[in-house]
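Heads up: the sequence shown runs through residues 0 to 267, numbered per numbering that gives the first Met the number 0. Don't be surprised by glycine CBs; every beta carbon is placed ideally from N, CA and C. In what follows, a structure is listed as structure tokens, so that the remarks can point back to it.
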Amino acid sequence: MVALLTVAGCTSAPNATPTGAEQAAPDLAVTVLQQRVDATTRTVGVETTNRSDVAVHVSAVRLSGGGTNAAPTPLDTDLQPGLTVALRTSYGRPDCDDRADAVVAHLTVDGRTVALPVDEAGQDQVRRLLDTDCAAIRLGETASVRLTGPYQQTTYGGEPWLAGRLVVTRRSAGAAVAVHSLDGSVLIDLRPVGRLAGLPTDAERAVTPVLLGSNGRCDAHALGGSTQTFLLSAFVRLDGFDEQRVVLTPAPSVQNRVLAVVDEACSS
């Protein structure tokens with residue numbers, strides 16, 4: 000029996016498999032960036048560099064801390080040695096009242112989840128995104144900003160336009176809302192008729208007549224290659240916060256009417 004116990008003790012220890020806690024963490028470096036195509040969304044890329052000499056498999060990614068708040072994003076990504084891959088995920092609706100701690104990336108790598116520190120550039124990127132997002136949330140809680148009708152085709156300066164309205168409507172009592180400027184797109188010009196109307200603290204609604212039409216780009220490249228034709232903008236500031244871009248997207252039926260005005264302007 001002594002001999003058998005000795006043999007068992009000698010053969011089991013060298014072949015024991017380390018537990019998940021004993022395994023060395025993968026040598027990965029992470030930062031966070033947002034590509035231009037994801038602007039105005041909560042989608043970011045957790046750019047992950049494999050600094051080890053073996054490939055790893057990433058099956059999920061999630062951000063936490065610094066006000067981020069999202070569920071894991073499932074993935075199926077093999078990360079080869081020396082390569083950097085942007086793992087796309089959402090940072091979720093931010094917790095604007097609890098942003099003091101650092102942002103951490105949680106990756107499920109080869110079946111186990113590891114927490115990886117985000118570098119300083121990534122921390123700055125997330126802070127800037129959440130600054131903008133939280134200000135937009137505060138603005139949205141205070142007032143709505145939207146394009147609305149009734150829409151009517153008209154002529155201004157000898158050119159065809161579609162007339163509409165920019166309406167700012169209060170949702171809760173509090174700070175004043177100022178509308179600083181409007182902006183169109185690669186094809187569409189959005190301009191106010193007269194002075195832009197903001198929302199003083201004692202007002203419930205402000206209306207500015209606006210015109211939508213061609214900005215003069217009638218070349219084939221602009222007409223055929225525009226991908227964000229109706230991401231129009233109002234630049235608005237809630238008192239106490241930085242200026243925010245509010246994206247104004249007309250309803251599909253209105254978009255068709257604006258395109259008809261653009262076609263008419265470009266054909267004349």
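Buried versus exposed, by CB contacts within 10 Å (16 or more), residue i
i, result
"Asp61", "The residue you asked about is not Asp; residue 61 is Arg in the sequence shown. It is buried - the Cβ of Arg61 has at least 16 other Cβ atoms within 10 Å."
"Leu3", "Low per-residue confidence applies at Leu3: pLDDT is 33, beneath 50, and the placement is therefore not dependable enough to give any value."
"Pro17", "Annotation note: pLDDT 42 at Pro17 (below 50); position unreliable, coordinate value reported separately. Answer is exposed; the Cβ neighbour count stays below 16."
"Gly212", "buried"
"Thr40", "exposed"
"Gly215", "exposed"
"Ala200", "Here residue 200 is Thr; the residue named in the question, Ala, does not match the sequence. By the neighbour-count rule (16 or more Cβ atoms within 10 Å), Thr200 is not buried but exposed."
"Ala233", "buried"
"Ala134", "buried"
"Val53", "exposed"
"Pro93", "buried"
"Ala142", "buried"
Nearest to residue i (by Cα), restricted to the options the options
i, options, result
"Cys95", "Ala70, Thr83, Ala104 and Thr131", "Thr131"
"Leu198", "Tyr90, Gly139, Ala175 and Gly44", "Ala175"
"Ala101", "Gly110, Val108, Ser89 and Asp123", "Asp123"
"Arg170", "Leu237, Val108 and Val209", "Leu237"
"Ser180", "Thr30, Val36, Val245 and Tyr150", "Val245"
"Ala177", "Thr168, Ala196 and Ser184", "Ala196"
"Ser184", "Gly139, Leu230 and Val144", "Leu230"
"Arg87", "Tyr155, Gln227 and Pro73", "Pro73"
"Gly156", "Gln34, Thr76 and Leu210", "Leu210"
"Glu271", "Arg194, Ser267, Leu32 and Val55", "The structure shown does not extend to residue 271, since the chain is modelled only from 0 through 267, so no value can be given for it."
"Leu129", "Ala259, Asp241 and His56", "Asp241"
"Ala38", "Arg194, Gln151, Val55 and Gln227", "Gln227"
CB contact flag (residue i, residue j, <7 Å)
i, j, result
"Arg164", "Thr153", "no"
"Val261", "Leu186", "yes"
"Pro149", "Glu263", "no"
"Pro25", "Val144", "no"
"Ser89", "Ala120", "no"
Between the CA atoms of residue j and residue i - distance to the nearest angstrom
i, j, result
"Ala20", "Asp182", "Annotation note: pLDDT 42 at Ala20 (below 50); position unreliable, no value reported."
"Val84", "Ser51", "14 Å"
"Gly81", "Gly91", "30 Å"
"Val192", "Leu27", "55 Å"
"Ala12", "Asp97", "Its pLDDT being 39, under 50, Ala12 is placed unreliably by the model, and nothing is read from it."
"Pro249", "Arg111", "46 Å"
"Arg137", "Val103", "25 Å"
"Val117", "Ala59", "16 Å"
"Gln79", "Gln243", "40 Å"
"Asn49", "Gly65", "24 Å"
"Leu247", "Thr30", "31 Å"
"Thr76", "Ser63", "21 Å"
"Val206", "Pro71", "42 Å"
"Gly44", "Val36", "11 Å"
"Pro208", "Gly139", "21 Å"
"Gly239", "Val57", "42 Å"
"Asp218", "Gly173", "46 Å"
"Ser266", "Leu258", "12 Å"
"Gln34", "Gln151", "37 Å"
"Ala202", "Val55", "58 Å"
"Val235", "Arg194", "14 Å"
Within-7 Å CB hit, residue i to chain C
i, result
"Arg169", "Note that chain C does not occur in the displayed structure, where there is just one protein chain."
Beta-carbon separation (whole angstroms), residue i vs residue j, contact threshold 8 Å
i, j, result
"Ala114", "His105", "5 Å"
"Arg256", "Leu161", "6 Å"
"Val167", "Arg204", "7 Å"
"Val125", "Thr42", "So it is not a contact: roughly 13 Å between Cβ atoms."
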